[in-house]
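Chains A and B are the protein sequences, given in the same order.
For what it's worth, the numbering used here labels the leading residue of the first sequence as 14, then goes sequentially.
For what it's worth, the numbering used here labels the leading residue of the second sequence as 14, then goes sequentially.
Number of protein chains: 2
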Amino acid sequence: MPKVIDPACAPHDHSARPPATFVRPGAIERAAGIFRAMGDAPRLRLLALLGQGEACVTEIAAAAGDDLSTISQRLRVLRNEGLVSRRRNGKHILYGLADQHVADLLFNALAHASEGRADLSRLASLVPPTNPTQE
Amino acid sequence: MPKVIDPACAPHDHSARPPATFVRPGAIERAAGIFRAMGDAPRLRLLALLGQGEACVTEIAAAAGDDLSTISQRLRVLRNEGLVSRRRNGKHILYGLADQHVADLLFNALAHASEGRADLSRLASLVPPTNPTQE
DNA sequence: TTAATAGTTGAACAGTTGATCAAGTGTCCC
DNA sequence: GGGACACTTGATCAACTGTTCAACTATTAA
Numbered sequence: 014m015p016k017v018i019d020p021a022c023a024p025h026d027h028s029a030r031p032p033a034t035f036v037r038p039g040a041i042e043r044a045a046g047i048f049r050a051m052g053d054a055p056r057l058r059l060l061a062l063l064g065q066g067e068a069c070v071t072e073i074a075a076a077a078g079d080d081l082s083t084i085s086q087r088l089r090v091l092r093n094e095g096l097v098s099r100r101r102n103g104k105h106i107l108y109g110l111a112d113q114h115v116a117d118l119l120f121n122a123l124a125h126a127s128e129g130r131a132d133l134s135r136l137a138s139l140v141p142p143t144n145p146t147q148e
Numbered sequence: 014m015p016k017v018i019d020p021a022c023a024p025h026d027h028s029a030r031p032p033a034t035f036v037r038p039g040a041i042e043r044a045a046g047i048f049r050a051m052g053d054a055p056r057l058r059l060l061a062l063l064g065q066g067e068a069c070v071t072e073i074a075a076a077a078g079d080d081l082s083t084i085s086q087r088l089r090v091l092r093n094e095g096l097v098s099r100r101r102n103g104k105h106i107l108y109g110l111a112d113q114h115v116a117d118l119l120f121n122a123l124a125h126a127s128e129g130r131a132d133l134s135r136l137a138s139l140v141p142p143t144n145p146t147q148e
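Okay, structure coming up:
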């Protein structure tokens, strides 16, 4: 039997550790908000769609097979966390990913989610290296 | 007033777009699960703590000022999504970040959350380039 | 102005989730 | 074995979240 070197909670000291507030508390809360907004499959699918380019609400609703109102509510959540951009074009309102950071986050997560069982090269097309929201 | 070039939903065609299933559906669901697990401030703070190195439950509970049971429940959620590693050391169970991917995700999110108003150099110490769970 | 299209917002309801407590398992030491 | 310590698990309950429906605002075209 492998004897444990230290009887207690060995290699690290039990009390001489810097407090959890190593990173400013506000950042944690904001990051959690961002994750919470992305932590819903329909909403994440919506973001993935926007990763392919801008789209108006009607278009998104058609692609998702959902109600306009439902899509609008989902977009509101994403917008509240600053994850999507919004601009008007006539009668339509075009949504897109807010910035490259969001695209990176999305890509990273999908890469992790597909780890070891899907070819990541397919994911690359989701978020091209150039800015997805060209203007 | 700037006249709109196209009367309808201009620059992109309204129906000639590949379906949202550009990335396999399972990956979206898993990624959403990961985000959901990280989308809670106490849980994210816990992950940030583990980013500094392994820790046992008692230690985490002390740092967070929370109940053992509460911490255990939070760890269960994170473990269900494969975000943390677990190994026994005598009476204690040491938790850590599951892999570098999780660390990257964490770092990326905190970087985005602090965008433009905090120096990111501080965050770098949270997730060192070397693997945080040395064995 | 009126009608039609496009989207947002508020309320209500069902489903989910997180904290807490009590009871359980596993490991160490005597 | 027995007791102490270190967790885990199941149940309960309050709080939150997502969807739906109805009513509302905004833009365009006639």
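By construction, the Cβ of each residue, glycine as well, lies at the ideal position given by its N, Cα and C atoms.
Predicted model only: the values in this text are computed from it and were never measured.
The stretch 39–48 of chain A touching the stretch 76–88 of chain A, judged by at least three CB pairs closer than 8 angstroms:
Contact between the stretch 39–48 of chain A and the stretch 76–88 of chain A is absent, because fewer than three Cβ pairs lie under 8 angstroms.
Given a cut-off of 9 angstroms on the beta-carbon distance, is the pair Leu91 of chain A and Leu59 of chain A in contact?
The residue labelled residue 91 of chain A in the question sits at position 78 within the first sequence. The residue labelled residue 59 of chain A in the question sits at position 46 within the first sequence. In this structure, Leu91 of chain A sits near Leu59 of chain A, with a CB-CB distance shorter than 9 angstroms.
Buried or exposed: Gln65 of chain A, going by 16 or more other Cβ atoms within 10 Å of its Cβ?
On the first sequence, position 52 is the one that residue 65 of chain A refers to. Burial check for Gln65 of chain A: the Cβ neighbour count within 10 Å reaches 16 or more, so the residue is buried.
Straight-line CA distance for Gln113 of chain A to Gly109 of chain B?
Here residue 113 of chain A refers to the residue found at position 100 of the first sequence. Here residue 109 of chain B refers to the residue found at position 96 of the second sequence. For Gln113 of chain A and Gly109 of chain B, the distance between alpha carbons rounds to 29 angstroms.
Got a sec: is the Cβ-Cβ distance from Asn149 of chain B to anything in chain A below 9 angstroms?
Absent from the structure is residue 149 of chain B, since the part of chain B shown begins at 14 and ends at 148.
Between Asp117 of chain A and chain B, is there a C-beta pair that is closer than 9 angstroms?
For the purposes of this step, residue 117 of chain A is identified with residue 104 of the first sequence, where counting begins at 1. At least one chain B Cβ lies under 9 angstroms of Asp117 of chain A.
Can Ala111 of chain A and Leu88 of chain A be called in contact, C-beta distance under 9 angstroms?
Your numbering for residue 111 of chain A matches position 98 in the first sequence. Your numbering for residue 88 of chain A matches position 75 in the first sequence. Not closer than 9 angstroms, so no.
In its own chain, which residues sit with a C-beta less than 7 angstroms from the C-beta of Arg56 of chain B, not counting the 5 before and 5 after it?
Reading the second sequence from its first residue, position 43 is the one you call residue 56 of chain B. So the qualifying residues of the chain are Ala50, Arg87, Val90 and Leu91.
Mind listing the chain A neighbours of Asp149 of chain B? Cutoff is C-beta to C-beta under 9 angstroms, in chain order.
This structure cannot speak to residue 149 of chain B, because chain B is shown only from 14 to 148.
List, in order along the chain, the chain A residues whose C-beta lies closer than 9 angstroms to that of Leu88 of chain B?
For the purposes of this step, residue 88 of chain B is identified with residue 75 of the second sequence, where counting begins at 1. Near Leu88 of chain B there are no residues of chain A at all, since even the closest Cβ is about 15 angstroms away, more than 9 angstroms.
To which residues of the same chain is Arg100 of chain B closer than 6 angstroms at the C-beta, ignoring the five residues directly before and after it?
Position 87 of the second sequence, counted from the first residue, corresponds to residue 100 of chain B. So the qualifying residues of the chain are Leu107.
If we require 4 or more residues per run, which alpha helix (DSSP H) segments fall completely within the stretch 38–102 of chain B?
The DSSP assignment places complete alpha helix (DSSP H) segments of no fewer than 4 residues inside the stretch 38–102 of chain B at 38–51, 54–63, 70–77 and 81–93, in order along the chain.
Within 10 Å of its beta-carbon, does Val115 of chain A have 16 or more other beta-carbons around it, so buried, or fewer, so exposed?
Along the first sequence, read from residue 1 onward, the residue named residue 115 of chain A stands at position 102. Burial call: buried.
Rounded to a whole number of angstroms, what is the C-alpha to C-alpha distance between Gly39 of chain B and Asp117 of chain B?
Here the question's residue 39 of chain B lines up with position 26 in the second sequence. Here the question's residue 117 of chain B lines up with position 104 in the second sequence. A straight line joining the alpha-carbon of Gly39 of chain B with that of Asp117 of chain B spans about 21 angstroms.
What number of angstroms, rounded off, separates the C-alpha of Ala68 of chain A from the C-alpha of Leu123 of chain A?
By 1-based counting over the first sequence, the position of residue 68 of chain A is 55. By 1-based counting over the first sequence, the position of residue 123 of chain A is 110. Ala68 of chain A and Leu123 of chain A: Cα-Cα distance of roughly 21 angstroms.
Identify every residue that forms a DSSP beta bridge with Leu110 of chain A.
Position 97 of the first sequence, counted from the first residue, corresponds to residue 110 of chain A. Residue pairing by DSSP puts Leu110 of chain A in a beta bridge opposite A:Val97.
From Leu81 of chain A to Thr71 of chain A, what distance separates their C-alpha atoms?
Looking up residue 81 of chain A in the first sequence gives position 68. Looking up residue 71 of chain A in the first sequence gives position 58. Spanning the two alpha carbons is a distance of roughly 6 angstroms.
Looking at the C-beta of Ala40 of chain B, does it have a partner C-beta in chain A at a distance below 9 angstroms?
Looking up residue 40 of chain B in the second sequence gives position 27. Yes, Ala40 of chain B counts as interfacial toward chain A.
Nearest chain A C-beta to Ala74 of chain B closer than 9 angstroms, yes or no?
On the second sequence, position 61 is the one that residue 74 of chain B refers to. So, not an interface residue.
Please go through the same chain and pick out, in chain order, the residues whose beta-carbon is closer than 7 angstroms to the beta-carbon of Leu63 of chain A, but skip the five residues on each side of it.
Against the first sequence, residue 63 of chain A aligns to sequence position 50. These residues qualify, in order along the chain: Val97, Tyr108, Gly109 and Leu110.
Between the Cα of Ser127 of chain A and the Cα atoms of B:His105, B:Glu94, B:Asn121 and B:Ala61, which residue gives the shortest distance?
Counting from one through the first sequence, the residue named residue 127 of chain A turns up at place 114. With distances taken between Cα atoms, Ser127 of chain A lies closest to B:Glu94.
Could you check the C-alpha separation between Ile84 of chain B and Lys104 of chain B for me, to the nearest Å?
Along the second sequence, read from residue 1 onward, the residue named residue 84 of chain B stands at position 71. Along the second sequence, read from residue 1 onward, the residue named residue 104 of chain B stands at position 91. C-alpha separation (whole angstroms): 17 angstroms.
Near Thr34 of chain B, what residues of its chain come up, given a Cβ to Cβ distance below 6 angstroms and the 5 sequence neighbours on each side ignored?
Locating residue 34 of chain B in the second sequence gives position 21, counting from the first residue. The pLDDT assigned to Thr34 of chain B is 40, lower than 50, so where the model puts this residue is not dependable; a value taken from the coordinates is nonetheless given after this. Residues of the same chain with a CB within less than 6 angstroms of the CB of Thr34 of chain B, apart from the 5 flanking positions on each side, do not exist.
Ala54 of chain B: which of A:Asp53, A:Ala54 and A:Phe48 sits nearest, CA to CA?
The residue you call residue 54 of chain B lines up with position 41 of the second sequence. Taking Ala54 of chain B as reference, the option from A:Asp53, A:Ala54 and A:Phe48 with the minimal CA-CA separation is A:Phe48.
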